[in-house]
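In UniProt numbering, the protein residues as written are 1 to 318.
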């Protein structure tokens, strides 16, 4: 009965895992077939700091000078701009897919740009300049998928500003393009999962994997405990009924009791059982190797299923 329950449970887990894997595969193929090929730039504010902010202490005053110029509302801003699409953005030549000669990044009022520089440029094909103190022009030949830049910008704002500086970009500068924005003041989760999975999804997924694995381990441990208890009970009944005759006959077959000491009734070689008339071999309901194999398989299916689901979640955008 318990073995039957084991098989049913394993088959159920296998079927569920297979179905989810198939659905995930179909969704992935379907997604690839109809995938949006629009070029997409993601603008992310990774750090924003007001350098001139002082504690409210009576009598405390400070003067700030930046490049020989006094400023009262000074900010440093770290932004990342990344091509998050699967389409190359071409900035020069007959096949370019931007309208002008550059992409313009606009600084929102009432701030103006004082200076800036690259902190990361992983394709070395982009430059920027600011002819106007509210616009940054990015020039490049090709901006390939997953390539990104990071900028450290020094910004001045009116003392009347009620919020920190921000940038925006007109998506009509890119033919059929899109611009996405993200305020990411904390680092992304770094791990073995795909980079497109954001921190909260990665942690949620890892939590699900842990729950699945521990649940499977608990269920199989419970089954093993029940099965083992029943096995001991069955063996006790066999021992009370047959062990005396079993012992006498084995001693008769082997006078020095080597076999009796070496083998328990479960492991007695088959050729000896053929000589033990009318004594049935005790049945062992627990198969440890099978239990461990099924437990490992179930845990792998659970983990694989959740990782497969994680591939879908960011694409659908929960």
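All C-beta atoms, glycine included, are put in the ideal place defined by N, C-alpha and C.
The alpha-carbon separation between residue 97 and residue 142 amounts to approximately 10 angstroms. Within the same chain, and ignoring the five residues on either side of residue 278 in sequence, no residue has its Cβ closer than 7 angstroms to its Cβ. If the five residues before and after residue 111 are omitted, its C-beta is found closer than 6 angstroms to the C-beta atoms of 155, 157, 165, all from its own chain and listed in chain order. With at least 16 other beta carbons inside 10 angstroms of its own, residue 91 counts as buried.
Looking at the DSSP output, residue 53 shares a beta bridge with no other residue.
Considering only 174, 138, 250, 85, the residue with the shortest C-alpha distance to residue 129 is 138. Taken atom to atom, the span from the alpha-carbon of residue 125 to that of residue 81 is near 14 angstroms.
If you draw a straight line from the Cα of residue 245 to the Cα of residue 222, it comes to about 35 angstroms. Residue 147 sits in coil when the DSSP states are folded into three classes, being neither helix nor strand.
Between residue 169 and residue 103, the gap from beta carbon to beta carbon is short of 8 angstroms. By the neighbour-count criterion, in which 16 or more other beta carbons inside 10 Å mark a residue as buried, residue 87 falls on the buried side. Boundaries of the beta strand (DSSP E) around residue 116: 111-121. If you ignore the 5 residues before and after residue 179, its C-beta comes within less than 7 angstroms of the C-beta of 41, 43, 169, 171, all in its own chain and listed in chain order. Between the C-alpha atoms of residue 73 and residue 47 there is a straight-line separation of about 17 angstroms. Put simply, the backbone Cα of residue 235 is about 6 angstroms away from that of residue 282. In this chain, residue 63 is not harboured by any beta strand (DSSP E), its DSSP state being neither H nor E. A check of alpha carbon separations from residue 182 across 121, 45, 85 identifies 45 as the nearest. In this structure residue 147 is buried. Its beta-carbon is surrounded by 16 or more other beta-carbon atoms within 10 angstroms. Taking the Cα of residue 241 as reference, the smallest distance to any Cα among 167, 280, 211 is reached at 280.
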